[in-house]
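Just so you know, the sequences run in chain order A and B. Mind the numbering: the first sequence is residues 3 to 111 in the numbering used here, read in order. Mind the numbering: the second sequence is residues 130 to 247 in the numbering used here, read in order.
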Amino acid sequence: GEDVEQSLFLSVREGDSSVINCTYTDSSSTYLYWYKQEPGAGLQLLTYIFSNMDMKQDQRLTVLLNKKDKHLSLRIADTQTGDSAIYFCAASQGGKLIFGQGTELSVKP
Amino acid sequence: GAVVSQHPSWVICKSGTSVKIECRSLDFQATTMFWYRQFPKQSLMLMATSNEGSKATYEQGVEKDKFLINHASLTLSTLTVTSAHPEDSSFYICSATHAASGSGETQYFGPGTRLLVL
């Protein structure tokens with residue numbers, strides 16, 4: 003089955019760019035997602051990319067997909083303290099979502 | 130659009146009692162609803178998938194008699210934790226898919242319900 007891996011922690015300075023990486027194993031995943039979770043809250047959909055796309059940009063967010071290497075990344079430009087949260091990568095498989103462990107992003111002023 | 134609510138947001142109950150959690154899609158009809166459980170500092174664990182009017186499909190290791198799921202309409206699913214014990218204490222999150230969204234598989238999540246069993 004699908005396995006999704008993420009690094010656990012990332013620390014950046016306010017104003018810098020953040021890049022959160024994710025790898026997955028099942029090349030048949032049709033959609034790949036990024037969700038944000040703040041403490042004590044549910045998951046907020048940030049963006050998703052269809053598997054036949056290489057890149058998707060939405061304001062400060064840029065998603066890059068390398069299908070050959072099964073690697074997905076989320077770049078947050080001009081990172082703010084309000085971006086501090088846990089970011090989950092997820093891959094679609096058979097109508098379900100397979101989640102990574104989550105990357106805790108810490109933004110220092 | 131695609132707003133999902135949960136009620137209650139938190140609940141404390143005594144061991145042995147049952148607790149019902151509601152999940153509603155507020156501005157869309159949900160094709161499918163999902164129930165997850167999340168432990169502190171961990172990822173989401175899928176418990177079950179439900180479609181309106183049919184029995185829920187439970188993931189391996191999830192006791193269906195313990196976690197009763199009812200999906201009575203296209204906008205409401207309920208999870209009842211029966212005879213709750215302290216080990217059932219957790220953060221329960223639901224999600225729903227929206228057939229009219231750009232991706233029919235995209236899941237929109239509720240805010241979660243924190244359950245504490247004493």
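In this text, a Cβ means the ideal position worked out from N, Cα and C, and glycines have one as well. These numbers were taken from a predicted model, which means no experiment stands behind them.
If you draw a 10 Å sphere on the C-beta of Ile141 of chain B, you find fewer than 16 other C-beta atoms in it, and that means exposed. For the segment 21-34 of chain A, the residues whose beta carbon sits under 8 Å from a beta carbon of chain B are, in order, Thr32 and Tyr33. Pairwise C-beta distances place the segment 200-219 of chain B in contact with the segment 142-160 of chain B, as three or more of them are shorter than 8 Å. Under the 8 Å Cβ criterion, the segment 17-35 of chain A does not count as touching the segment 131-146 of chain B, having fewer than three qualifying pairs. At a cut-off of 8 Å between beta carbons, Gly102 of chain A contacts chain B. The C-alpha of Thr207 of chain B is placed about 19 Å away from the C-alpha of Ala43 of chain A. Not one beta carbon of chain B lies nearer than 8 Å to the beta carbon of Phe11 of chain A.
Among the residues of chain A, those whose CB is under 7 Å from the CB of Phe238 of chain B are Gly44 and Leu45, following chain order. Nearest Cα to Glu188 of chain B within the set B:Pro240, B:Lys170 and B:Arg166: B:Arg166. Shown here for Ser94 of chain A: same chain residues with a beta carbon closer than 7 Å to its own, the five before and five after excluded, namely Ser31, Thr32 and Tyr33 in chain order. Beyond the five residues adjoining it in sequence on each side, Asp5 of chain A comes within less than 6 Å, by CB distance, of Thr27 in the same chain, given in chain order. For Thr204 of chain B, the closest Cβ of chain A is not nearer than 8 Å. For Ser108 of chain A, the closest Cβ of chain B is not nearer than 8 Å. As DSSP reads the structure, Lys38 of chain A sits in a beta bridge with A:Gln46 and A:Tyr89. For Gly17 of chain A, no CB of chain B lies under 8 Å from its own CB, so it is not counted at the interface with that chain. With fewer than 16 other Cβ atoms inside 10 Å of its own Cβ, Glu216 of chain B counts as exposed.
The closest CA to that of Ile51 of chain A, considering only A:Gly3, A:Glu40, A:Val109 and A:Ala92, is found on A:Ala92. Counted as a single uninterrupted DSSP element, the beta strand (DSSP E) harbouring Gln59 of chain A occupies residues Met57 to Asp60.
Under the DSSP definition of a beta bridge, Met176 of chain B lacks any partner.
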